[in-house]
Structure formats: structure tokens, C-alpha cells
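*Asks:* Residues in the sequence shown are numbered consecutively from 141, following the numbering used here.
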Amino acid sequence: MKTDNAPQSQLDLIMEYFKAHPKRDIEHPEIVDWVVREWSKRTGKVFRDPDREIRRLSQDGQLIKVRKGVYRYDPEFVVNPELKDFTASQKEAILKRDNYSCVVCGLGSKHGIELQVDHIKPKDQGGEATIENGETLCAKHNFQKKNYRQTESGKRFFIRLYEAAKINNDEQLKDFCSQILEVYEKNNVNGHIVWSK
Numbered sequence: 141m142k143t144d145n146a147p148q149s150q151l152d153l154i155m156e157y158f159k160a161h162p163k164r165d166i167e168h169p170e171i172v173d174w175v176v177r178e179w180s181k182r183t184g185k186v187f188r189d190p191d192r193e194i195r196r197l198s199q200d201g202q203l204i205k206v207r208k209g210v211y212r213y214d215p216e217f218v219v220n221p222e223l224k225d226f227t228a229s230q231k232e233a234i235l236k237r238d239n240y241s242c243v244v245c246g247l248g249s250k251h252g253i254e255l256q257v258d259h260i261k262p263k264d265q266g267g268e269a270t271i272e273n274g275e276t277l278c279a280k281h282n283f284q285k286k287n288y289r290q291t292e293s294g295k296r297f298f299i300r301l302y303e304a305a306k307i308n309n310d311e312q313l314k315d316f317c318s319q320i321l322e323v324y325e326k327n328n329v330n331g332h333i334v335w336s337k
């Protein structure tokens, strides 16, 4: 049964908990268990997908994703939603600076390629909508960039394995890791993660 202290929305309830525990790293099970229980108690209904709502708050800049499954609310960090997306004039300045071409492949509007202005440091990691944090990407490379983050852990794993093989003088394992890491480099995947042979 709904009570007088029912939150306006599920997002409000999640934020209520984080605001009651500011600047504390909160693990996923703690917040999920609380909001599911509290939503049921206050509304008599089931909170079906708290995971998605927590991610949404993080993407909106209201929560900081510390690492996988751990979030923090910092009242001094909260991003002004109006500042997260580039304005039309910022987009034009970024496109002009990048010569109306994708910074990865060099193709652009003169080649009939759709261009997009993207955050270099992603919004959900605190990236601001500034000209310095913007880059011009073609639709293909913007899509790939969003998916590259899923391959980062793989590249880091093979770098660690390569380093261990070097220490243990395991030439076969070292060669195996080297071949895989060279595929990353050849295809310009996760170039920001540096591997030294």
C-alpha cells in the first residue's frame, strides 16, 4: 500500500539513498537491496530494473561510477545537465577545427560521410561539453569508440600476461600475447592503452 512518504519516482528513491550517504563508495548490492525493499514498502509495487536506473543516473552525471558496480554521490561533482551536450556553436567550432573530417580516418562531409561531434572523455566519466573535450568522428568510428571500451579489459589482460611471460622467460606465451597485442595495434583498437614490447 502506498504511504505518504512515497518518492515521486524510482530515480528519486535511488538519489534519496545516495544523498543520505554523500561521498561514499556504494556497492551495487547495497543500493539495489535497499531501493527494492523501500519501493515495495512505500508503494506496494515491485521495482523491476534498479540496475538500469542507477546506470541512467550515472550517465546523467548525478552519480559517479567509481568502478564496475560501485557508485558515489558527490554534491560538488553533479554535472549541470544543460552543460553536458555540445551547443550548436560548439559543434560548429569543433567541426571547423577538425576540418570537417573524422579525426580517425580523415573522411568527411566532402566524401559524403556523416559526421558526429563526440566527447573525448565520455559524459558518464565526467567529461565536459567543452571544445577541448570534443572531437569529430564519422558515424562508423563513433560507434566503434563506444564499443572499444568493452575490449579494454582484454587488452589489459594480455599486457599483464605478456609482462608475466617476460619475467618467467616463457617465450611461447610471450610470443602468443605479442601476436594478439599486435592485432590490437594494427587495427587501432584501444590505442590509449600503451603496450611496450
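Don't be surprised by glycine CBs; every beta carbon is placed ideally from N, CA and C.
Being a predicted model, the structure only gives us computed values, none of them experimental.
1. Straight-line CA distance for F316 to F298?
2. Would a C-beta distance cut-off of 8 Å place I204 and F217 closer than the cut-off?
3. Just curious, the alpha helix (DSSP H) that Y240 is in, first and last residue?
4. Measuring only the C-alpha atoms, how far is I320 from N327?
5. By the three-class DSSP mapping on this structure, what secondary structure does L301 have?
6. From V87 to Y302, what distance separates their C-alpha atoms?
7. Does the distance from the C-beta atom of K306 to that of S318 stay below 8 Å?
8. Compute the Euclidean distance between the alpha carbons of E170 and D258, then round it to the nearest angstrom.
*Replies:* Reading it off the structure:
1. Stepping through the sequence shown from its first residue, residue 316 is reached at position 176. Stepping through the sequence shown from its first residue, residue 298 is reached at position 158. In this structure, the alpha-carbon of F316 lies about 9 Å from that of F298.
2. The residue given as residue 204 occupies position 64 in the sequence shown. The residue given as residue 217 occupies position 77 in the sequence shown. The Cβ atoms of I204 and F217 lie closer than 8 Å to each other.
3. Working through the sequence shown from its first residue, we reach residue 240 at position 100. Taken as a continuous stretch (DSSP letters only), Y240 belongs to no alpha helix (DSSP H), as it is neither H nor E.
4. Indexing the sequence shown from 1 puts residue 320 at position 180. Indexing the sequence shown from 1 puts residue 327 at position 187. Distance between the alpha carbons of I320 and N327 is about 11 Å.
5. Reading the sequence shown from its first residue, position 161 is the one you call residue 301. Reduced to three states, the DSSP call for L301 is helix.
6. The question about residue 87 has no answer, for the chain in this structure spans 141 to 337.
7. To locate residue 306, count along the sequence shown from 1; it is residue 166. To locate residue 318, count along the sequence shown from 1; it is residue 178. In this structure, K306 keeps its C-beta atom at 8 Å or more from the C-beta atom of S318.
8. Your numbering for residue 170 matches position 30 in the sequence shown. Your numbering for residue 258 matches position 118 in the sequence shown. About 34 Å.
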